[in-house]
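Here the structure comes first, spelled out in structure tokens, and everything after it is commentary.
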Amino acid sequence: MIEVREFDLKHTFESAQPLTFYADYSKEENSLSYASGGAIIKVSFKGTPQKGQLNITSNDILSAKAEVKKRFRLDDDMEKIYKRINTDVHVGRAIDRYEGMRLTVNDPWETTVCFIISQFNNVKRIRLIVRKIIERYGRDIIDNNGKVAGKSFPKSEDLLKVSEKNFLACGAGFRAKYLVHAADYCTNNLNLYKLNPNNYGKLKEELMEIQGVGDKVADCIALMGYGNLNAFPIDVHVKRAMERLYFNGEKKKIKEIHEISDRMWDAYRGYAQQYLFHNERTV
DNA sequence: ACCCAGGCGGGCG
DNA sequence: CGCCCGCATGGG
Numbered sequence: 095m096i097e098v099r100e101f102d103l104k105h106t107f108e109s110a111q112p113l114t115f116y117a118d119y120s121k122e123e124n125s126l127s128y129a130s131g132g133a134i135i136k137v138s139f140k141g142t143p144q145k146g147q148l149n150i151t152s153n154d155i156l157s158a159k160a161e162v163k164k165r166f167r168l169d170d171d172m173e174k175i176y177k178r179i180n181t182d183v184h185v186g187r188a189i190d191r192y193e194g195m196r197l198t199v200n201d202p203w204e205t206t207v208c209f210i211i212s213q214f215n216n217v218k219r220i221r222l223i224v225r226k227i228i229e230r231y232g233r234d235i236i237d238n239n240g241k242v243a244g245k246s247f248p249k250s251e252d253l254l255k256v257s258e259k260n261f262l263a264c265g266a267g268f269r270a271k272y273l274v275h276a277a278d279y280c281t282n283n284l285n286l287y288k289l290n291p292n293n294y295g296k297l298k299e300e301l302m303e304i305q306g307v308g309d310k311v312a313d314c315i316a317l318m319g320y321g322n323l324n325a326f327p328i329d330v331h332v333k334r335a336m337e338r339l340y341f342n343g344e345k346k347k348i349k350e351i352h353e354i355s356d357r358m359w360d361a362y363r364g365y366a367q368q369y370l371f372h373n374e375r376t377v
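Everything in the first sequence is counted per the working numbering, starting at 95 for the first residue and increasing by one.
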């Protein structure tokens, strides 16, 4: 059990994080089950967004607590972060509505695959495609009774044998060719686990060597795969919200939106983005 | 039928 | 460089 402040499991899950989480959230229990490496982890939350308890069960309970801490950024000082990003009534309202919503930190390779699939797509279908890839190509997770308890996300080398046609069969569409390249490139050329999470510029540059990873997807990977809060992914929702809220509804270029987000939220803009994103998608 | 979705790469001016 | 277009697929 972990005592948590400024935490909300529902908002976190519903804000499309991570895309690997499919229908594993239970509203009745306020709980979420997911696979991480060889572990199946279930977290259930009791309390309010201000103060509550997180209960963890797992077949690998020793490492599960640290995993949950990292995954849900439990060490973040949310009061400080809210203070820093609460620059105006727009972010302020989003914080009020989704208080406790966290960014998540996920496996870099898993995040890369998910966000390659995300382009020109919608959350529901992204999660469906990801789910199919896990079911078909993931590794079995064995519980303490020796039974198969689930599937873990396939490593890049596990996907080397998967053809463009196979990915098409999972529903990946025109992104299938990017996935074939990414599996090869991240196995043989770019070790995602050796990149420096803290060097935002260089990290993004290296991620964009992967075909199918451009400015926006690289920002998503930097943010949700490496936990770099300098990233400000600008998708259609965030672009729309920013233009409406900060540019009087005028169409702006991505570059201009990056510039204003840099100025407004500096090194915490990743959190501002997530609140604006979720607010735009739900209200 | 038509529009949209956590964009990107390639081609052209 | 910047701009524009096509792209697989399924749900509303």
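The beta carbon of each residue, even a glycine, is placed where N, CA and C say it ideally should be.
These figures come from a predicted structure and were not determined experimentally.
Residues of its chain near residue i, where Cβ-Cβ distance is below 6 Å and the 5 sequence neighbours each way are ignored
| i | result |
| --- | --- |
| residue 176 | 189 |
| residue 301 | 307, 312, 315 |
| residue 119 | 107, 126 |
| residue 223 | 211, 264, 265, 266 |
| residue 317 | 325, 364 |
| residue 258 | 270, 271, 274 |
| residue 358 | 181 |
DSSP three-state assignment for residue i, whether helix, strand or coil
| i | result |
| --- | --- |
| residue 315 | helix |
| residue 149 | strand |
| residue 304 | coil |
| residue 196 | coil |
| residue 110 | coil |
| residue 371 | helix |
| residue 365 | helix |
| residue 344 | coil |
| residue 261 | helix |
| residue 167 | coil |
| residue 335 | helix |
| residue 328 | coil |
| residue 320 | coil |
| residue 142 | coil |
| residue 282 | helix |
| residue 289 | coil |
| residue 162 | helix |
| residue 310 | helix |
| residue 207 | helix |
| residue 298 | helix |
| residue 254 | coil |
| residue 376 | helix |
| residue 131 | coil |
| residue 266 | coil |
| residue 186 | helix |
| residue 102 | coil |
| residue 201 | coil |
| residue 356 | helix |
Rounded Cβ spacing between residue i and residue j (contact assumed at less than 8 Å)
| i | j | result |
| --- | --- | --- |
| residue 245 | residue 265 | Their Cβ separation, rounded to whole angstroms, is 17 Å, which puts residue 245 and residue 265 out of contact at 8 Å. |
| residue 200 | residue 114 | 7 Å |
| residue 303 | residue 247 | Contact doesn't hold; Cβ gap of about 21 Å is too wide. |
| residue 109 | residue 352 | With a Cβ gap of about 21 Å, residue 109 and residue 352 do not count as contacting. |
| residue 139 | residue 124 | 5 Å |
| residue 98 | residue 168 | 6 Å |
| residue 208 | residue 112 | 7 Å |
| residue 202 | residue 116 | Incorrect: roughly 20 Å between the Cβ atoms, too far for contact. |
| residue 297 | residue 289 | 6 Å |
| residue 134 | residue 162 | Incorrect: roughly 13 Å between the Cβ atoms, too far for contact. |
Residues of its chain near residue i, where Cβ-Cβ distance is below 7 Å and the 5 sequence neighbours each way are ignored
| i | result |
| --- | --- |
| residue 310 | 327, 328, 329 |
| residue 226 | 264, 265 |
| residue 43 | No statement about residue 43 is possible, as the shown extent of the chain runs from 95 to 377 and does not include it. |
| residue 85 | Given a span of 95 to 377 for the chain in the structure shown, any question on residue 85 remains unanswerable. |
| residue 344 | 337 |
Residue i CB to nearest heavy atom of the ligand SAH below 7 Å
| i | result |
| --- | --- |
| residue 139 | The ligand SAH is absent from the structure shown, which contains no ligands of any kind. |
DSSP beta-bridge partners of residue i
| i | result |
| --- | --- |
| residue 126 | 119, 137 |
| residue 245 | 234 |
| residue 96 | 148 |
8 Å CB neighbourhood of residue i in its chain, flanking five on each side removed
| i | result |
| --- | --- |
| residue 242 | 234, 235, 236 |
| residue 229 | 245 |
| residue 219 | 265 |
| residue 165 | 130, 198, 199, 200 |
| residue 254 | 277, 278, 281 |
| residue 192 | 102, 105, 109, 369, 372, 373 |
| residue 322 | 291, 292, 294, 297, 316, 364 |
| residue 238 | 153 |
- prompt: Are three or more beta carbon pairs between the segment 141-155 and the segment 275-286 nearer than 8 Å?
  reply: no
message: Three Cβ pairs or more, each shorter than 8 Å: is that satisfied between the segment 151-164 and the segment 328-347?
response: no
field: Any 3 or more C-beta pairs closer than 8 Å across the segment 345-363 and the segment 169-183
entry: yes
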